[in-house]
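S.K.: Take 6 as the starting number for the sequence shown in the numbering used here and just add one per residue. Where is the CB? At the ideal position from N, CA and C, for every residue including glycine. After the structure tokens below, expect a handful of questions from me.
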Amino acid sequence: MNEFSGENVRRPKTLVAMGRPVATRLLNAQARSRLAMIADVDPHLVVDDFTGVDLSAVEVLYTSWGCPPVTAEVLASAPRLRAIVHAAGSVKHHVTDAVWQRGIAVSTAADANAEPVAEFTLASILYANKRVIDIARAYRSGRENQDWDARFPGFGNYRRTVGIVGASRIGRRVIELLRPFDVEVLVSDPYLREDLGATRVDLDELVTRCDVVSLHAPDLPETHHLMDAARLAGMRDGATLINTARAALVDQDALTAELVSGRLYAILDHTEPEILPASSPLYDLPNVLVTPHIAGSLGGELARMADLALDELARYARGLPFEHGVEPTSLSRSA
Numbered sequence: 006m007n008e009f010s011g012e013n014v015r016r017p018k019t020l021v022a023m024g025r026p027v028a029t030r031l032l033n034a035q036a037r038s039r040l041a042m043i044a045d046v047d048p049h050l051v052v053d054d055f056t057g058v059d060l061s062a063v064e065v066l067y068t069s070w071g072c073p074p075v076t077a078e079v080l081a082s083a084p085r086l087r088a089i090v091h092a093a094g095s096v097k098h099h100v101t102d103a104v105w106q107r108g109i110a111v112s113t114a115a116d117a118n119a120e121p122v123a124e125f126t127l128a129s130i131l132y133a134n135k136r137v138i139d140i141a142r143a144y145r146s147g148r149e150n151q152d153w154d155a156r157f158p159g160f161g162n163y164r165r166t167v168g169i170v171g172a173s174r175i176g177r178r179v180i181e182l183l184r185p186f187d188v189e190v191l192v193s194d195p196y197l198r199e200d201l202g203a204t205r206v207d208l209d210e211l212v213t214r215c216d217v218v219s220l221h222a223p224d225l226p227e228t229h230h231l232m233d234a235a236r237l238a239g240m241r242d243g244a245t246l247i248n249t250a251r252a253a254l255v256d257q258d259a260l261t262a263e264l265v266s267g268r269l270y271a272i273l274d275h276t277e278p279e280i281l282p283a284s285s286p287l288y289d290l291p292n293v294l295v296t297p298h299i300a301g302s303l304g305g306e307l308a309r310m311a312d313l314a315l316d317e318l319a320r321y322a323r324g325l326p327f328e329h330g331v332e333p334t335s336l337s338r339s340a
């Protein structure tokens, strides 16, 4: 059945709620046109503050980054609200307890946002083991060929061991992407029960065995400084830590000490603070690559999230359950 026609299809009254700059980047002309066909909506009206907004007829909120919290007060003025379709990852920033108490259905495009992070991580793993960043810097500085085997003995990806910390959406996708490569993959997650095609080990064992340790756990009180001084010290000499998750998972002072010593390597897409001070040694260390939180959806990748959320809105319009629905019980163990 076409998503825009059929006897079971209706056009639910929908409001776009997100930061206005986000909407400009997220909703291109094609997405706005499709949104207007699926729902009764003004695709150019974007709300980033519910104060004074008439919500009395709104049935669905189409949200993304910058959506204001959907509080009990907001819900009191939105008696017909039945669903929130989030064109981004975590819903914790705007979906309050009051939403769950009202029984409102919630969907997320977290799977779409996971893809570019997993791709970034895969590239980082392959580059780390191949010592691409180090060799490129040395080549640019010396501008002559060197004996790279002598400088980086055994470098390359063949039979390397990669550790995935956290069997999250992204962690699972990274494991999938690593399958074609001749690497051993270990995974550590206390909640993991199924077989993902990787060897399950506890975290302390993982950090001692791996050439690359990649973090994909959520930022929760129990994961704060998951990679503390002791676990960082337990990593192999020359091993690489990749963090595309959250800075709070790592004791950054302890990591910086290891990196300044030259014993470890790191690829960091998240730091604390998010923009490091100009004096931070992490900018200039040859064994560190710092990127400004770019692993997630940016540029053309935003369209993937918009499309997934529109798919969910189309399912709702046809009376079908969400394919990417969020259960409130899962939020205690997710980002």
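From this set, L86, H221, G304 and L336, which residue's C-alpha is nearest V170's C-alpha?
M.R.: Here the question's residue 170 lines up with position 165 in the sequence shown. Considering only alpha carbons, the answer is H221.
S.K.: Since T245 is in the beta strand (DSSP E), which residue starts that stretch and which ends it?
M.R.: Here the question's residue 245 lines up with position 240 in the sequence shown. First-last of the beta strand (DSSP E) with T245: T245 to N248.
S.K.: Per DSSP, what kind of secondary structure is A283 in: helix, strand or coil?
M.R.: If you number the sequence shown from 1, residue 283 lands on position 278. Here A283 sits in coil by DSSP.
S.K.: Nearest CA to the CA of M310: which residue from P26, R30 and S284?
M.R.: Locating residue 310 in the sequence shown gives position 305, counting from the first residue. Nearest option by C-alpha distance: R30.
S.K.: Would you kindly report the start and end of the unbroken alpha helix (DSSP H) that includes E328?
M.R.: The residue you call residue 328 lines up with position 323 of the sequence shown. Segment: none, E328 is in no alpha helix (DSSP H) and carries neither H nor E.
S.K.: Is the beta carbon of T113 closer than 8 Å to that of T249?
M.R.: For the purposes of this step, residue 249 is taken as the residue at position 244 of the sequence shown. For the purposes of this step, residue 113 is taken as the residue at position 108 of the sequence shown. No; because the gap between Cβ atoms is not below 8 Å, this pair is not in contact.
S.K.: For M23, does the three-state DSSP call read helix, strand or coil?
M.R.: Here residue 23 corresponds to residue number 18 of the sequence shown, with the count starting at 1. Of the three classes helix, strand and coil, the one that applies to M23 here is coil, per DSSP.
S.K.: In chain order, what residues of the same chain lie with their CB nearer than 6 Å to the CB of L290, ignoring the 5 residues before and after it?
M.R.: Taking the first residue of the sequence shown as 1, we reach residue 290 at position 285. Around L290: L264.
S.K.: Going by beta carbon distance, what residues of the same chain come within less than 7 Å of A172, once the five residues before and after it are set aside?
M.R.: The sequence position of residue 172 within the sequence shown is 167, counting from 1. Answer for A172: V192, D194, L197 and L201, listed in chain order.
S.K.: If contact is defined by three or more beta carbon pairs under 8 Å, each pair taking one atom from either stretch, is the segment 132 to 142 in contact with the segment 305 to 324?
M.R.: Verdict: no, contact absent.
S.K.: In this structure, how does DSSP classify Y67 when only helix, strand and coil are distinguished?
M.R.: Locating residue 67 in the sequence shown gives position 62, where the first residue counts as 1. Of the three classes helix, strand and coil, the one that applies to Y67 here is strand, per DSSP.
S.K.: Pairs of beta-carbons, one from the segment 93 to 110 and one from the segment 43 to 61, closer than 8 Å: are there three or more?
M.R.: Verdict: no, contact absent.
S.K.: Where does G168 sit, in a helix, a strand or coil, going by DSSP?
M.R.: Residue 168 sits at position 163 when you count from the first residue of the sequence shown. Note: G168 maps to strand in three-state DSSP.
S.K.: Any idea what DSSP makes of V212, helix, strand or coil?
M.R.: Here the question's residue 212 lines up with position 207 in the sequence shown. Of the three classes helix, strand and coil, the one that applies to V212 here is helix, per DSSP.
S.K.: Please report how far the alpha carbon of L183 lies from the alpha carbon of T276, in whole angstroms.
M.R.: Taking the first residue of the sequence shown as position 1, residue 183 is located at position 178. Taking the first residue of the sequence shown as position 1, residue 276 is located at position 271. Their Cα atoms are separated by approximately 25 Å.
S.K.: How about I280 and I247: do their beta carbons lie closer than 8 Å?
M.R.: Position 275 of the sequence shown, counted from the start, is the residue given in the question as residue 280. Position 242 of the sequence shown, counted from the start, is the residue given in the question as residue 247. Not in contact: I280 and I247 (Cβ atoms no closer than 8 Å).
S.K.: Measuring CB atoms only, is the segment 71 to 81 touching the segment 50 to 59, in the sense that at least three cross pairs come out at less than 8 Å?
M.R.: The segment 71 to 81 is in contact with the segment 50 to 59.
S.K.: Could you have a look at V175 and say whether DSSP puts it in helix, strand or coil?
M.R.: Mapped onto the sequence shown, residue 175 falls at position 170. Looking at the sequence provided, one finds Ile at residue 175 rather than Val. In this structure, I175 counts as helix in the three-state DSSP scheme.
S.K.: By alpha-carbon positions, which one of L32, I138, A319 and S339 ends up nearest to I89?
M.R.: Walking along the sequence shown from the start, residue 89 turns up at place 84. It is A319 whose Cα lies nearest to the Cα of I89.
S.K.: Keeping to the same chain, check which residues put their C-beta closer than 8 Å to that of H342; ignore five residues upstream and five downstream.
M.R.: The question about residue 342 has no answer here: the residues shown for the chain are numbered 6 through 340.
S.K.: If you run the structure through DSSP and keep just helix, strand and coil, what is I43?
M.R.: Against the sequence shown, residue 43 aligns to sequence position 38. Here I43 sits in helix by DSSP.
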